[in-house]
Amino acid sequence: MANPPLIVGNWKMNGTVEETLKMITELRHKLAPGTAQVAVAPPFTSLYSAAVALQDTPIKLAAQNMHWETEGPYTGEISGLFLKEIGCAYAIIGHSERRQYFGETDEAVNRKIRTALAQELVPIFCVGETAEQRKSGKTEAVLETQLKKGLQGFQMNDVKNMVIAYEPVWAIGTGKTATPETVREAHAFIKSLHDTRVLYGGSVKPENAADLLAQPGVDGALVGGASLDPGSFEAICRTAASLS
Ligand code: PGA
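The sequence shown runs 2 to 245 under the working numbering.
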C-alpha cells in the first residue's frame, strides 16, 4: 500500500447514542495513534455525539448516506450541509443495502457524490456485483456500469479525491469473504479505470484482514459487522498499519 491505509467502520443501523459513546470510548483507548487512517460511521442520531466524543482524536467521522439536495422539502432526508456542520469527513454513498432495499439508483448515487464533493465531504462510493452476476461472468461489466454512471460528469481530479469501495454483494454480512485473488482482480480492474483509493468491503474480520489488505490495489477496508466490536476493529486497523 502506497498511501496510509484507510479503515472505515460502517455501523449500519446499530448504535444508540449510549452504545455509540461506549464504543468510541473503547476505541479511543485501544487504538494506538497513527496506526492507520480510521473513520467510523454511526447512525445519524448518534453522529453529533460521536463528533463531540471524537474531538481531538485522529478518528474521523463518516455518514452512511446523504441526500443530493442541500435543503428543502425532502421529508426524512439528511443534507451533506448538516453532515459537514457537525464535522463529518466522509459520506458512504451507494452502499448495496441502499441500492437493494431503498431503490437507490446509479443516477441518485451520481447526484449524491456531486453534492458530497460540493460540501467537501469525501465520498466513499460503493460498487459491487451480486452472486448471480459473478456466476454469469458479468462482474467487470457490472462494476464498469456502476462506475460509469456513478461518476458521470466528473473530472479525473474529482475522482482522485474520492474513495471507491469494492463490496461484492454476496460477501456483505454473509461471512463469505472474497478470496484474495478475487479481490486483487476486482481492484486491478477498478484501478485500470480510475486512479483513486479503493477499499475492500465484505466480511472483513481480524482473521482475514492481513490476507485481504496485503493484496496489491487494496488501500484499506470498509468494515461492517466487525466494526461493532472495538477490539476486532482495532485489530483490523493494526493489521492494516503493519502492512503499509
Ligand atoms: P460486513 O459489511 O463487514 O458486515 O460484511 C460490510 C459493509 O457492508 O460495508
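We put the CB at the ideal spot given by N, CA and C, even for glycine.
Predicted, not measured: the structure shown is a model, and the values here were computed from it.
Whole-Å CB distance - GLY129 paired with TYR167, under 8 Å assumed = Start at 1 with the first residue of the sequence shown, and residue 129 comes out as number 128. Start at 1 with the first residue of the sequence shown, and residue 167 comes out as number 166. Between TYR167 and GLY129 the Cβ distance is about 6 Å, and since that is below 8 Å, they are a contact.
Counting pairs of beta carbons, one from the region 85-103 and one from the region 112-131, are three or more of them closer than 8 Å?
-> yes
Do you know whose CA, among ALA52, LYS13 and THR175, lies nearest THR26's CA?
-> For the purposes of this step, residue 26 is taken as residue 25 along the sequence shown, with counting starting at 1. Per the Cα distances, ALA52.
Applying the criterion that 16 or more other CB atoms from any shown protein chain within 10 Å of the CB defines a buried residue, is ASP220 buried or exposed?
-> The residue labelled residue 220 in the question sits at position 219 within the sequence shown. The residue is buried, with at least 16 neighbouring Cβ atoms inside 10 Å.
Is ILE25 near ligand 1, with its Cβ less than 6 Å from a heavy atom?
-> Mapped onto the sequence shown, residue 25 falls at position 24. The answer is no for ILE25.
7 Å CB neighbourhood of MET14 in its chain, flanking five on each side removed = Here the question's residue 14 lines up with position 13 in the sequence shown. For MET14, where only same-chain residues beyond five positions count, the Cβ hits under 7 Å are PRO44.
THR240 vs ALA215 beta-carbon contact at 7 Å | Walking along the sequence shown from the start, residue 240 turns up at place 239. Walking along the sequence shown from the start, residue 215 turns up at place 214. The Cβ-Cβ distance between THR240 and ALA215 does not fall below 7 Å.
Measuring CB to CB, does VAL18 end up less than 7 Å from ALA40?
-> Here residue 18 is taken as the residue at index 17 of the sequence shown, counted from 1. Here residue 40 is taken as the residue at index 39 of the sequence shown, counted from 1. Cβ distance not < 7 Å, so VAL18 and ALA40 don't count as in contact.
Under the criterion of a Cβ to heavy atom distance below 6 Å, does SER204 qualify as lining ligand 1?
-> For this step, residue 204 is matched to residue 203 along the sequence shown. It does: the Cβ of SER204 is within 6 Å (strictly closer) of some heavy atom of ligand 1.
Burial state of THR178, where buried means 16 or more other Cβ atoms lie within 10 Å = As a working note, residue 178 is residue 177 in the sequence shown. Its Cβ being crowded by 16 or more others within 10 Å, THR178 is buried.
Is the beta carbon of PRO5 sitting closer than 7 Å to the one on SER243?
-> The residue you call residue 5 lines up with position 4 of the sequence shown. The residue you call residue 243 lines up with position 242 of the sequence shown. Against a cut-off of 7 Å, the Cβ pair of SER243 and PRO5 comes out as no contact.
State the Cα-Cα distance for the pair ALA119 and PHE126, rounded to the nearest angstrom.
-> Taking the sequence shown and counting its residues from 1, one reaches residue 119 at position 118. Taking the sequence shown and counting its residues from 1, one reaches residue 126 at position 125. Whole-angstrom Cα-Cα distance: 15 Å.
Sequence-distant residues of its chain with Cβ nearer than 8 Å to ILE191 (five each side left out) = On the sequence shown, residue 191 is found 190 positions in, with the first residue counted as 1. The answer, listed in chain order, is VAL128, LEU144, LEU148, ILE165, TYR167, VAL199 and GLY218.
Since GLY221 is in the beta strand (DSSP E), which residue starts that stretch and which ends it?
-> Against the sequence shown, residue 221 aligns to sequence position 220. 221-224 is the extent of the beta strand (DSSP E) around GLY221.
From ARG99 to ALA109, what distance separates their C-alpha atoms?
-> For the purposes of this step, residue 99 is taken as the residue at position 98 of the sequence shown. For the purposes of this step, residue 109 is taken as the residue at position 108 of the sequence shown. Cα to Cα, the separation comes out at about 11 Å.
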